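**Q**
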Amino acid sequence: MSSSLLAIDLAYWQVTTIKVIIVLSFIPLSALILGYVFLLKMMSHMQSRLGPMEAGPHGVLQLVADGVKFIQKEDIFPDKADRFVFAIAPLVVVLSTFLLFVVVPAGPDIYVESLDTGIFFALAVSSLSVVGILMAGWASANKYSLMGGLRAAGQLIAYELPLVLAVVGVVIQAGTLNLQGIVAAQANGSMFGFDFLGNPFIITQFIGFAIFLIAVQAELTQTPFDMPVAESEIVGGYQVEYTGFRFLFFFIGEFGTAFAFAAIAATLFLGGWWLPGFDLDSNFLNVLGPLVLFAKVMLVAFFIFWFRFTYPRFREDQLQKFAWKFLIPLALLNIAATGILKVAF
Amino acid sequence: MVTAITDRQQLAYIAGQAADARVNVEIETEGMTLNMGPQHPATHGTLRIVAKLDGEQVIEAAPIMGYMHRGYEKLTEVRSYPQVTTLINRIDWLGSFANEVPFILAAEKLMEVEAPPRAQWIRTVLFELSRISNVMLFLGDMGVQLGALTPVFFAFRDREHVLNQIESVTGGRFHPNFDRIGGLKDDLPKGWIEDTKAVMEKVRTFCDEMEDLIMGNEIFEARTRGIGVIPADVALSYGMSGANLRASGVDWDLRRDRPVGLAWDEVDWKVWTHPDGDSFARYWVRLQETREASRIVDQLLDGIPAGPIMAKVPRIIKVPAGEAYVATENPLGQMGYYVVSKGDLVPFRVKIRSASFNNISIVPWVMKGVYVPDVITILASLYFILGDIDR
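Chains A and B supply the protein sequences, listed in that same order.
Using this note's numbering, read the first sequence as starting at 27 and increasing by one per residue.
Using this note's numbering, read the second sequence as starting at -9 and increasing by one per residue.
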């Protein structure tokens, strides 16, 4: 499969280039979709905001206006900034998003790369954004930025662990690290004796799903874990010195990552691209699969953003306590229970 | 009195420091000075807080104010008494009508004039409306400072109705300039009483929403319970007043304890206090007070007496020589005007005692040993208006 695309034989480098371009264009697209549907529409309905309703019918042009605004801003470097590191930090953050998208499958034959260590790879590259954020925080030569960067580092490292541990239960149940394999394991399972319904892992791994969602919130530095960018305390944290396009990169990184994590959560817990009633390798799913996955992604993203609009922010120490004293033990318990049940049945 | 204060937070912090120092001599960090403000989203204006930090812990915090000092006390000395109201309702710009009242009352006291009952009742209604519009903003804003964005949009949405009611009487949303020596400028418009009652219903709904959305939230509780505890004796010794004082358990409300020429003692209401003295208590007390204020307005509207709205005062107001101090329970706390007259058209000297200045003087005391996010929580819960500090 890796050397043919739509039945045309291509060289390895040609396929790779096409794949890179597709994923690269998908990152801003996914950010736009989430930004429009949740950040603008859902938010303005939840918060009684009138602003995002003004530009165009029902506010459809608001994101275009925002884009134009970002592009025309001056590209500012702070005086004492480490210019190279400052400039490259947003790219590092987006790079982590890019690598996340690589392993998410959207159909039996629609994927960029089907790695045997898929989920392991995804969790590993997701932590790359920590490096980007630390770089941004340090290079800005600003105390708020530095505090934001350090807070982000502490937080993201703390929440890597529950994120990984939440997935282990799924991996034990599926018996594979490959995301396609995990989808297949859910499709071939049965629920209450009905084979065609499959067995989405959310039914058995609901604790894992909850922990995964919470940890994802923290990885995205979103409310209630948005301490690194806390605008009322440290005025935007590591983002405070970024303007225009460079800020837009952080924004795209955040929303693109939200989409990617929602897709991973949908794949791990909700059955991914598989739709009940279809054969696992039927060609229909190459068309329907992306749509099914998209619907599930939006469902997960709805929860992610719902918390964002409802909750106040944790404090540094409370957040660490929550991760180490509550989430991690709970995740370990979940793993133990899954392991015992797996052996028993 | 002041020496008797047990500086518990400070002692605990010093003890902690000593323990840490013994263990981590080699990894001891350098202190960092963080300037919060003069432009900072959490200071609602040009307040500057210089915080010395050890990591995220505040060792020392000092508020520096005066960036927008406007010299009101001096400006009043070159303005005639009626003109002064145009100035002073800008002191606390969120509860502006309430600023006018104590000055007018002080002038009336010197002139030995009393406003007719109808004027007094309407004054009280407008006073409470400006309290509601002021505190509603706090109820939403506290959420923003803690990271929840939604409440403040609800606050602005519902506050609009209250401001509309103030506007339809006075013609001004922010600066009514409606109070006159001897009464009020105009009477109530037709249908206003029914509209206002409907708005009070909305205010109570808003309070219920805030109770669900903010006070019922575990993270909010974790962020505010036990944060910025101010014991009653400390609060009194720093001259705090208003809801901040009542949240420390001191049952003190000038509306009840020193009623001055207004109609609060005509209706049935309750002073809310909370024993904890922490940030949560300050939020809780203000929420209860907003509900109570809407009840006061409802009752007052039922019983507004008929009659004139102006007493007989000379067209050109000359205030007889003498001095008077009148303080009222404003939205932010005790606000008083000490007016000295030498029998001229203009006051000889006016001393303004506004609530916020005293309320934030506690900052250096209360911020020892807290974390940076708590600085914001405490500032938000103390609820000051910069105009009320820098006059």
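All C-beta atoms, glycine included, are put in the ideal place defined by N, C-alpha and C.
These figures come from a predicted structure and were not determined experimentally.
#1: Can you grab the Cα-Cα spacing for the pair K122 (chain A) / P54 (chain A), in whole Å?
#2: On a CA-only basis, which of B:R248, B:D169, B:M132 is nearest H34 (chain B)? Give me that one, please.
#3: Name the two residues that bound the continuous beta strand (DSSP E) containing G323 (chain B).
#4: Could you check which residue in A:F235, A:T336, A:M253, A:A357 has the C-alpha nearest to that of M200 (chain B)?
#5: Assuming V362 (chain B) contacts E267 (chain A) (C-beta within less than 8 angstroms), just tell me the rounded distance between them.
#6: If distances are taken between C-alpha atoms only, which option among B:N79, B:L226, B:S120, B:L252 comes closest to E104 (chain B)?
#7: Using a C-beta cutoff of 7 angstroms, does Y337 (chain A) count as contacting chain B?
#8: Could you tell me which chain A residues have their CB closer than 8 angstroms to the CB of V152 (chain B), listed as they occur along the chain?
#9: With a 10 Å radius around its C-beta and 16 neighbouring C-beta atoms as the bar for buried, classify G232 (chain B) as buried or exposed.
#10: Are three or more beta carbon pairs between the region 259 to 275 of chain B and the region 23 to 43 of chain B nearer than 8 angstroms?
#11: Name the residues in the region 245 to 267 of chain A whose C-beta lies less than 8 angstroms from a C-beta of chain B; which are they?
#12: Is the beta carbon of L84 (chain B) sitting closer than 7 angstroms to the one on L116 (chain B)?
#13: If contact means a Cβ-Cβ distance below 8 angstroms, which residues of the region 332 to 363 of chain A contact chain B?
#14: So, G282 (chain A) versus S51 (chain A), is the Cβ gap smaller than 7 angstroms?
#15: So which residues on chain B does M72 (chain A) lean against when the C-beta distance must stay under 7 angstroms?
#16: So with Cβ pairs under 7 angstroms, would you call R272 (chain B) a contact of chain A?
#17: Assuming V250 (chain B) and A97 (chain B) make a contact with CB atoms under 8 angstroms, what is their CB distance in whole Å?
#18: Assuming A289 (chain A) and V323 (chain A) make a contact with CB atoms under 8 angstroms, what is their CB distance in whole Å?
#19: Since A239 (chain A) is in the alpha helix (DSSP H), which residue starts that stretch and which ends it?
#20: Mind listing the chain A neighbours of R147 (chain B)? Cutoff is C-beta to C-beta under 8 angstroms, in chain order.
#21: Grouping DSSP H, G and I as helix and E and B as strand, with all else coil, what is M58 (chain B)?
#22: Assign D305 (chain A) to one of three DSSP states: helix, strand, or coil.
#23: Could you name the residues that DSSP lists as bridge partners for M22 (chain B)?
#24: Would you mind reading off the limits of the beta strand (DSSP E) that contains V316 (chain B)?
#25: Please list the segments of the alpha helix (DSSP H) lying wholly inside the region 126 to 196 of chain A, counting only runs of 4 or more residues, in order along the chain.
#26: If we ignore side chains and look at the alpha-carbon of each, how far apart do R60 (chain B) and D380 (chain B) end up?
#27: Which first and last residues belong to the beta strand (DSSP E) in which I97 (chain A) is found?
#28: Can you check which of these residues, B:R69, B:K260, B:K341, B:L291, is closest to Q155 (chain B) by C-alpha distance?
#29: At which residues does the alpha helix (DSSP H) containing V74 (chain B) begin and terminate?
#30: With a cut-off of 7 angstroms, does the C-beta of Q135 (chain B) fall near any C-beta of chain A?
#31: Excluding the five sequence neighbours on either side, which residues of its own chain have a C-beta within less than 8 angstroms of the C-beta of I171 (chain B), listed in chain order?
#32: Mapping the DSSP letters down to three states, classify S29 (chain A) as helix, strand or coil.
#33: What number of angstroms, rounded off, separates the C-alpha of A150 (chain A) from the C-alpha of F277 (chain A)?
#34: Using a beta-carbon distance cut-off of less than 9 angstroms, what residues from the region 347 to 376 of chain B approach chain A?
#35: Check the C-beta distance from W300 (chain A) over to L306 (chain A) and give it rounded, since I have them as a contact under 8 angstroms.
#36: So, does the CB of K368 (chain A) fall closer than 7 angstroms to a CB anywhere in chain B?
**A** Short version:
#1: The question names Lys, but residue 122 (chain A) is Ser in the sequence shown. Answer to the nearest angstrom: the Cα atoms are 14 angstroms apart.
#2: B:M132
#3: 323 to 331
#4: A:T336
#5: Not confirmed; about 19 angstroms, so no contact.
#6: B:L252
#7: yes
#8: Ordered by position in chain A, no residue passes the 8 angstroms Cβ test against V152 (chain B), which lies about 16 angstroms from the chain.
#9: buried
#10: no
#11: T249, P250, D252, M253, A256, E257, S258, E259, I260, V261
#12: no
#13: F335, T336, Y337, P338, R339, F340, R341, E342, D343, Q344
#14: no
#15: T140
#16: no
#17: About 13 angstroms separates the two Cβ atoms, so there is no contact after all.
#18: 5 angstroms
#19: The question names Ala, yet the displayed sequence has Leu at residue 239 (chain A). Where L239 (chain A) is concerned, the enclosing alpha helix (DSSP H) stretches over 232 to 245.
#20: S74
#21: coil
#22: coil
#23: B:L43
#24: 312 to 320
#25: 144 to 152, 154 to 165
#26: 7 angstroms
#27: Segment 88 to 97 is the alpha helix (DSSP H) holding I97 (chain A); no beta strand (DSSP E) there.
#28: B:L291
#29: 71 to 78
#30: yes
#31: Y71, P72, I94, A97, E98, M101, V103, V303, I307
#32: Confidence is the limiting factor: at S29 (chain A) the pLDDT is only 46, short of 50, which leaves the residue's position unreliable, though a coordinate-based value still follows. In the structure shown, S29 (chain A) sits in coil (DSSP, three-state: anything other than H, G, I, E or B).
#33: 21 angstroms
#34: Y361, V362, P363, D364, V365, I366, T367, A370
#35: 7 angstroms
#36: no
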